[in-house]
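So the sequence shown is numbered by UniProt numbering: it starts at 1 and just counts up by one.
Glycine included, every Cβ here is placed at the ideal spot set by N, Cα and C.
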Amino acid sequence: MKIGELARRTGLAASRIRFYEEAGLLVVQRQANGYRDYPEQAVLLLELITGAQRAGFSLEEIRALLPPDMGQWQHDALIMMLQQKVADIEALQSRLAQSRAHLLALIEDIQARPEDIDCAANSRRVLDRVQRGELARPTLAAGDTALLRPDRRRRAGSS
1 MKIGELARRT GLAASRIRFY EEAGLLVVQR QANGYRDYPE QAVLLLELIT GAQRAGFSLE
61 EIRALLPPDM GQWQHDALIM MLQQKVADIE ALQSRLAQSR AHLLALIEDI QARPEDIDCA
121 ANSRRVLDRV QRGELARPTL AAGDTALLRP DRRRRAGSS
């Protein structure tokens, strides 16, 4: 099938399909006139590539994941790579939760500004506390992602 048909069937731009070809993710045969001729399985392959990207896989990881022949999947290697990606996502969630908790602690301390000081003095007060370690970063238990959920309560006056 020609690139226009493949683009229509996958919803991808022809330039994106050519990009995947140049990246070595998609192999295409050329007709005598130089036109690309994509096999039927290119539709499935492009769906796998775009799905893997949405799941957070880099193009290099996808290249390592895809077998040279779609009928030659290596079950154990596939499971191992998918499990590693889940572990990477969980580690990122943990780091994000810690960063969020630290920022929330900073916000709370900034909002607790004594009435007799201005904003600049309050900023210095908070930074001094951070430097002295008085605003310790929270330690989260492994897998604790409760802090990743956004606070659904609205403050008065916010939209």
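Report yes if the CB atom of residue i is closer than 8 angstroms to the CB atom of residue j, and no otherwise.
i: A32; j: L6; result: no
i: I17; j: L59; result: no
i: residue 161; j: I49; result: The requested residue 161 does not occur in the structure, where the chain is confined to residues 1 to 159.
i: N122; j: R132; result: no
i: A105; j: L135; result: yes
i: P68; j: Q74; result: no
Going by CA-CA distance only, name the one from the options that's closest to residue i.
i: L78; options: S94, E90, G24 and E61; result: E61
i: M1; options: V27, F19 and E22; result: V27
i: R8; options: Y38, Q93 and Q29; result: Y38
Quick check on the burial criterion: 16 or more other C-beta atoms within 10 angstroms. Buried or exposed for residue i?
i: R36; result: buried
i: I110; result: exposed
i: R54; result: exposed
i: R153; result: Reliability of the predicted coordinates at R153 is poor, the pLDDT of 39 falling under 50, and no value is obtained from them.
i: A97; result: buried
i: I117; result: exposed
i: L103; result: exposed
i: residue 190; result: Because the chain in this structure spans residues 1 to 159, residue 190 falls outside the shown range and cannot be described.
i: A52; result: buried
i: I89; result: exposed
i: I3; result: buried
The ligand MN and residue i: does the residue's C-beta get closer than 7 angstroms to at least one heavy atom of that ligand?
i: I89; result: The ligand content of the structure shown is nil, which means the ligand MN is not present either.
Hey, could you find the ends of the alpha helix (DSSP H) residue i is sitting in?
i: R125; result: C119 to Q131
i: M81; result: H75 to Q111
i: E5; result: I3 to T10
i: S15; result: A14 to E22
i: Q53; result: Q41 to R54
i: A32; result: Note, A32: premise wrong, no alpha helix (DSSP H); not H, not E.
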